[in-house]
Amino acid sequence: MRIAVPAEAQGTETRVAATPETVKKFIALGASVVVEKGAGLTSGISDADFEAAGASIGKNAKETAKDADIILRVRRPSEADLKAFKSGALVIATMDPYGQEAALAAMAKAGVAAFAMEFMPRITRAQVMDVLSSQANLAGYRAVVDAAAEYGRALPMMMTAAGTVPAARIFIMGVGVAGLQAIATARRIGAVVTATDVRPATKEQVESLGAKFLAVEDDEFKQAQTAGGYAKEMSKEYQAKQAELTASHIAKQDIVITTALIPGRAAPRLITSDMVMSMKAGSVIVDLAVERGGNCELAKPGEVVVTSNGVKIVGHLNVAGRLPATASQLYAKNLFAFVETMIDKKEKTLRPNWDDELVKATLLTRDGAVVHPNFQPKA
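Residue numbers (this note's numbering): 508 to 886.
In structure tokens:
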């Protein structure tokens, strides 16, 4: 059983899919592990660190992936990457498959069994495998750090001999894992925090962290959550009412952090250009949904935009990857926990249970076909 960990080719990707800790655990299960040269450098892990854990170092991506039964990645492999993978190999990564029909077809054609870690069901058994939560948690923390760096003023209230500095007012839009961590981080720093979300269950969570909840609490709001705990897309009417409520609130804020995402859809537009123009100079908006089209109308992927009225709009890509050492540590543990379920510990061989609910929920391609129900042709 051979496990390969290639380096990530995408320029903004700083994470790696294994750590010395998980390498040791894989070897204990009977696997041999090959890590591509330099794969961990941006996460603070040297080739020597991997070798000390028992891994061998591949000179390049092709050599690393040769004859591998399992390929662990952070991002979906490219068509060029797939040429080095043997047919039947398990490829496990965050696949970002929506709207990527050509990429799915390429993985099917390569004959690999491709697993999308972001499709892991949110059940108790799979909590340790939940990459969305582990990475969003870090993104929420980093969003506050980035906002504080751009804000140019102190966040907590400070009483000094020269006068009192008021606490910054921070508004969190979208209270999933990232939003909750942003609230907790902003409160620890000493800011005055308010938050909003379309899911009624989040109100209690927001208030438990010491923040104030803001939302239009009508009948649609009371039913605005899927069975899996995700936000539903709201009607145009509700969006208009919520926008009216938040518009006046945003104008008074020093920092706004947006985290709203809907699986398989473009990010909902929460902040219009008019709302941005209502904010005072020096205010900061951090858009964590910028890679999905953005919650803020004026946000630009990979840029910090300064508007004509002096508002900074932060659109960093791969925000979890801005904490690469910690992000890799958590992501690698997520992957190990999932792969472990597919290994026969007695025989020390790879033996996936294709009927396992975790496998069925995450499997995109197998035996030359796209098999996930979300990507079947519609009648």
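By construction, the Cβ of each residue, glycine as well, lies at the ideal position given by its N, Cα and C atoms.
It should be emphasised that the depicted structure is a prediction, and the values quoted were computed from it without experimental measurement.
| request: Tell me whether the beta-carbon of Leu865 lies closer than 8 Å to the beta-carbon of Val878. | output: no
| said: Distance check for Ala559 and Ser553, CA to CA, integer angstroms please. | reply: 10 Å
| request: Within 10 angstroms of the Cβ of Lys853, are there 16 or more other Cβ atoms? Answer buried if so, exposed if not. | output: exposed
| Quick one: what does DSSP say Phe720 is sitting in, helix, strand or coil? | strand
| For Ser785, the three-state DSSP class (helix, strand or coil) | coil
| said: Please give the ranges of any alpha helix (DSSP H) in the stretch 520-565, keeping only runs that are unbroken, at least 4 residues long and fully inside the region. | reply: 527-535 and 554-560
| request: Return helix, strand or coil for Asp794, following the three-state DSSP convention. | output: strand
| C-beta atoms of Ala492 and Val684 nearer than 8 Å | With the chain covering only 508 through 886, there is no way to say anything about residue 492.
| So, are the CB atoms of Gln712 and Leu752 less than 8 Å apart? | no
| field | Nearest-angstrom Cβ-Cβ length linking Leu721 and Thr703, presumed shorter than 8 Å | value | 5 Å
| field | Between the CA atoms of Ile564 and Lys532 - distance to the nearest angstrom | value | 17 Å
| query | With 16 as the cutoff for other CB atoms within 10 Å, does Lys590 come out buried or exposed? | reply | exposed
| request: In angstroms with no decimal places, state the Cα-to-Cα distance between Ile677 and Lys867. | output: 41 Å
| query | Where does Gly822 land, buried or exposed, given buried means 16+ other C-beta within 10 angstroms? | reply | buried
| What residues in its chain sit with their C-beta under 7 Å from that of Val902, if we drop five residues either side in the sequence? | Only positions 508 to 886 of the chain appear in this structure, which leaves residue 902 out of reach.
| field | Closest residue to Ala568 among Ala600, Ala516 and Ile599 (Cα-Cα distance) | value | Ala516
| task | Compute the Euclidean distance between the alpha carbons of Gly472 and Leu824, then round it to the nearest angstrom. | result | Since the first and last residues shown for the chain are 508 and 886, residue 472 lies out of range.
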